[in-house]
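Heads up: the sequence shown is residues 570 to 907, going by the numbering used here. What follows is a short report on a single structure.
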Amino acid sequence: MTGVEDKVAVIGAGSWGTAFANALAHKGLKVTLWARRPELATAIQESNENPDYLPGLFLSPRLRGTSNLEVALDGAAVVVMAVPSHGFREVVTTAAKLVEPAAPFISLAKGLEPDSLRRMSEVIAEEVPASWPERIGVLSGPNLAKEVALAQPAASVVACASGGVADRLQEFFMSPILRTYSASDVVGVEIGGVVKNVIAIATGIAEGIGFGDNTKATVVTRGLAEMTRLGVSLGADPMTFSGLAGVGDLICTCMSGLSRNHHVGVELGKGRKIADILSEMSQVAEGVKSSKAVMALAENYNVEMPISEGVYQVIHEGQEVSEMIGNLLRRVRQRERD
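Dropping the structure here:
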């Protein structure tokens, strides 16, 4: 990571992976974007557009598309993993065999592995050589892909166990439109990115029903309390959740019509079934799968998360939205800090 000629491999050509890769390419870095499907990689390479996930937006000519993982990783100084959580391990296992030993692995994914409940940094650590833990990190924040792709100003936090690596990556990723901050709380940054998707579904449900800003602000605020409780139980710094990867990302995802998780919630609030909603979506709403994993993690650590539990019950157990709301409102009274 010495200069503008350094190469970055972004693995995963969904909307966020593409937008992030494009921001780095506009900065002047050599960026290769890996797409699983050859036809999508060809479109990115030949037309400077991702027609499936960011249609109509012109991508930097410095951004190269490929469906060959070995080509994408050849000579990469940094590997950015933008693969959804359910397919993350399969790709990172292959990538670890092809990458330069000194290259940091940075995750953009905001989910948990469904069966193991591992965070993505933990999945990376299990698949790359044992000498690499200080070079494993995550990047998160209020980063709606379309807005980043449109070069609207935004900010993220990059966290690594090694402060020195985090600082170097901060400088490496910093651009005129995407300001980056460094941190060492990998757990907190990841948990913030996971839980906010679940709370965004709950906020969307409130909007879909027709509730106003009072209700939505209540859901967001109490959702932040749930996020913090779970994160601290896992060893996170509570202050992380007052930053970009916590309340910043939470507000963004809960309130924006561009958020897929918010959209799922709105449609649930209107009375639609989850299967019908998902059948119409071409992109992953991580909160749908994460709600189940989050509740399993909360149970393992004995953490109370009533809003997240309500989302889980609606999505995975078929509970009616009206029953979810009733259960939340009838909970035993308590102090706000509890």
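Using N, Cα and C, we set each Cβ at its ideal position, and we do this for glycine too.
Check	Outcome
Tell whether a beta-carbon distance below 9 Å holds between Glu-795 and Pro-875.	yes
Exposed or buried, what is Pro-722 when buried is set at 16 or more other beta-carbons lying within 10 Å of its beta-carbon?	exposed
Is it buried or exposed, Glu-889, if we count other Cβ atoms within 10 angstroms and call 16 or more buried?	exposed
Measure the alpha-carbon distance for Glu-659 versus Arg-902 and round it to whole angstroms.	45 Å
Which ranges does the beta strand (DSSP E) cover as unbroken runs of at least 3 residues, wholly within the stretch 617 to 665, from first to last along the chain?	632 to 635, 647 to 650
Taking the C-alpha atoms as reference points, what is the distance between Arg-737 and Lys-599?	17 Å
On the premise that Val-789 lies in contact with Ile-820, defined as a C-beta separation below 8 Å, what is that separation, rounded to the nearest angstrom?	7 Å
Nearest CA to the CA of Ala-718: which residue from Gln-739, Ser-744, Ala-671, Glu-740?	Ser-744
Looking at the unbroken beta strand (DSSP E) that takes in Val-727, where does it start and where does it end?	723 to 729
Between the Cα of Lys-666 and those of Tyr-750, Trp-701, Leu-626, spot the shortest distance and give me the residue it belongs to.	Trp-701
Suppose the cutoff is 6 Å on Cβ atoms and the five residues either side in sequence are ignored; what does the same chain contact list for Thr-571 look like?	Note that Thr-571 scores 43 on pLDDT, short of 50, meaning its location in the model is unreliable and no value can be drawn from it.
For the putative contact between Ile-675 and Val-647, defined by C-beta atoms under 8 Å, what is the C-beta separation to the nearest angstrom?	7 Å
Return the CA-CA distance between Leu-866 and Leu-681, expressed in angstroms with no decimal places.	10 Å
On a Cα-Cα basis, can you pick out the residue from Ser-851, Asp-818, Val-857, Gly-779 that is closest to Lys-839?	Gly-779
Which value, in whole angstroms, describes the spacing of the CA atoms of Met-755 and Ala-678?	Looking at the sequence shown, residue 755 is not Met but Val. The straight-line gap from Cα to Cα measures roughly 13 Å.
How many whole angstroms separate the CB atoms of Gly-634 and Leu-602, which I take to be in contact at a CB cut-off of 8 Å?	5 Å
Look at the alpha carbon of Asn-830 and the alpha carbon of Leu-713, and state the distance between them as a whole number of angstroms.	12 Å
Which residue marks the beginning of the beta strand (DSSP E) containing Phe-589, and which one marks its end?	Element bounds for Phe-589: not the beta strand (DSSP E) but the alpha helix (DSSP H), 584 to 596.
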